[in-house]
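To start, the structure itself, in structure tokens.
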Amino acid sequence: MKIAIVTSEAVPFSKTGGLADVSGTLFKQYCKMGIEAYLFVPLYKKTAEQFSDEIQYTGISIEIPLAEALKKCKMFTLKSQTTEHRTQNTDKKLLASGRVFFIGSEEYFDRDELYGTPYGDYPDNDQRFIFFCKAVLELCKRLEIILDVIHCNDWQTGLIPLYLKTTYKDADVFKLTRSVLTIHNLGYQGIFPSQTMELTGLGWELFHMDGVEFYGSMNFLKAGIIGADIITTVSRTYAKEILAPDFGFGLDGILRKRAESLIGIQNGIDYKAWNASKDRFLPYLYNKQRLSGKLKCKGELMKRCSLKGETKTPLLCFIGRLASQKGIDILIDAVSEIIEMGANIVIIGKGEEYYHSLLKHAEGRFAGRFFFYEGFDEALAHLVYAGSDIFLMPSKYEPCGLGQMIAMRYGTIPVARRTGGLVDTIDDGLTGFLFEEYTAASLMSGIKRALGNYKDKKLWTALIKNAMSIDFSWEKSTLKYLEIYGGAN
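With my numbering, letter number 158 in the sequence shown gets 151, and the count goes up by one each step, no holes.
Structure, rendered in structure tokens:
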């Protein structure tokens, strides 16, 4: 089976969130299993800088039509995947040894961030990802890659399934290709003005309520939903939730029409990257049989964050995107009460400027009890997962969530809202604590339950060992994806 994973971000090359972890790890799993897999991802400025010694230009350049304009695309790959320099007749030799393909465009991807700034999205994101989708398909044609499955991810690649049903349906290389679309977060849909239709090259006959039209605009994710052979999302509970108006973000109707093709497959986490007994970022290693290293990591974290108190002082953390979807607003409302209860707080994140300001203010107000790191530092994140006692995930909605699984892997007990993948991964009272309402008061009820258990050392140790015993590795999920790929034919 030949599989292409097409994504706007993938570890280790680019990342803003869980999409990158899932796409990059799934690709690695396929390669590990000996499956012929390809990864297509944009060559962003940060990627080019960080991997400058590992990425090379293949010599392949093509022109991509956007309305009346032609935009140049250059293809790059990893040096480790080919020692050949492309000549006029070496495209297929390159293909035989290269598996990661970077889509290059100085105009569209040579920017400081992937999708925008804290003040808003890039205004030409429609052009950027129309270009990306077309470039992937055109390069497959150029290199004569005959794929069984193209696995697309989120709105940035949503045009590809529809292109395969329309513009590219007669291309020989795609005659047997089926498409899978994974919705990682339905709240992000790629909605653009109706004029974007002209850039896509799709016919206006598709611009209607059962097509790509969405309240007078064009919707890239909707294009993927109507075009894909199979639709997946990242947990069983979320697959049910998005069929209802409360979680459907206006697409619940079209999803109900495709319900027979919609499957929930829980994400996993990379056990090589997240392993407290082998983590290169930790000053002390530990496992569920020997937990002393966790307490020592907590001491190092308190020093790193200049936190007051002793190692027995409860330490709560939040690691994630600073957006209301992640519950950062109700967490900020609860900060004073958390600290009054005698706990310390560490927050790592990047997102909306409004929340940055509120968190900076809280850090000044609660000096020595509250630490905020603006951005993402991998080494610090690993230390926070290991050194904290309680992981906060008060999400308004959560398709799957990786943070709670990573936290449990490190013996840090999650307090999370009862929604989406959090329901599927946390056993309330045994591996974590769930709360119901999206309010600061409800969040505090979960925190109080957790802190009540924390006072009992024997009980808390049992919670840690329960959490660290759960298998969140990718093996089961990978096999499930392979099963549905076969069902797409």
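Each residue gets a CB set at the ideal place from its N, CA and C atoms; glycine is no exception.
Extent of the continuous alpha helix (DSSP H) to which residue i belongs
| i | result |
| --- | --- |
| His354 | Glu346 to Arg358 |
| Asn446 | Ala433 to Tyr447 |
| Pro238 | Pro238 to Gly241 |
| Gly246 | Asp245 to Lys250 |
Three-state secondary structure (DSSP) of residue i
| i | result |
| --- | --- |
| Leu32 | strand |
| Pro111 | coil |
| Phe384 | strand |
| Leu88 | Caution applies to Leu88, whose pLDDT of 41 falls short of 50 and renders its modelled position unreliable; the value that the coordinates give is listed next. Residue state, collapsed to three classes: helix. |
| Lys8 | coil |
| Asp14 | helix |
| Gln74 | helix |
| Gly302 | coil |
| Asn118 | helix |
| Asn212 | strand |
| Asn459 | helix |
| Thr230 | helix |
| Glu468 | helix |
| Phe125 | helix |
| Glu367 | strand |
| Ala60 | coil |
| Lys162 | coil |
| Cys24 | helix |
Distance, residue j Cα to residue i Cα
| i | j | result |
| --- | --- | --- |
| Lys443 | Gly479 | For the record, residue 443 in the displayed sequence is Ala; it is not Lys. Whole-angstrom Cα-Cα distance: 44 Å. |
| Thr432 | Ile262 | 29 Å |
| Ser270 | Ser285 | 12 Å |
| Gln43 | Ala3 | 14 Å |
| Met401 | Thr424 | 8 Å |
| Ile325 | Gly257 | 32 Å |
| Ala409 | Ser16 | 24 Å |
| Lys301 | Tyr348 | 24 Å |
| His78 | Ala164 | At His78 the pLDDT is 38, less than 50, meaning the model places this residue with poor confidence and gives no usable figure here. |
| Ala60 | Val93 | 28 Å |
Where the beta strand (DSSP E) through residue i begins and ends
| i | result |
| --- | --- |
| Asn178 | First-last for Asn178: undefined, no H or E at that position. |
| Ser329 | Unbroken run through Ser329 is the alpha helix (DSSP H), Ile321 to Glu333; no beta strand (DSSP E). |
| Val142 | Val142 to Asn146 |
| Ile(-4) | Lys(-5) to Val(-1) |
| Leu395 | Segment: none, Leu395 is in no beta strand (DSSP E) and carries neither H nor E. |
Counterpart residues of residue i in DSSP-defined beta bridges
| i | result |
| --- | --- |
| Asn280 | BP columns for Asn280 are empty, so no partner. |
| Glu206 | Met211 |
| Gly292 | In DSSP, Gly292 forms no bridge with anything. |
| Tyr50 | Phe69 |
| Gly516 | This structure does not reach residue 516, given that the chain is present from -6 up to 482, and the question cannot be answered. |
| Pro186 | The partner list for Pro186 (beta bridge, DSSP) is empty, contrary to what the question assumes. |
Candidates the options: closest to residue i by CA position
| i | options | result |
| --- | --- | --- |
| Ile247 | Leu475, Met202 and Gln397 | Met202 |
| Asn146 | Lys134, Gly183, Ala379 and Lys168 | Gly183 |
| Thr412 | Ile399, Phe428 and Thr405 | Phe428 |
| Ile406 | Tyr378, Glu430, Lys389 and Tyr390 | Tyr378 |
| Tyr156 | Gly97, Glu206, Pro387 and Gly220 | Gly220 |
| Glu253 | Asp222, Trp148 and Cys393 | Asp222 |
| Tyr112 | Ala316, Phe369, Glu356 and Leu288 | Ala316 |
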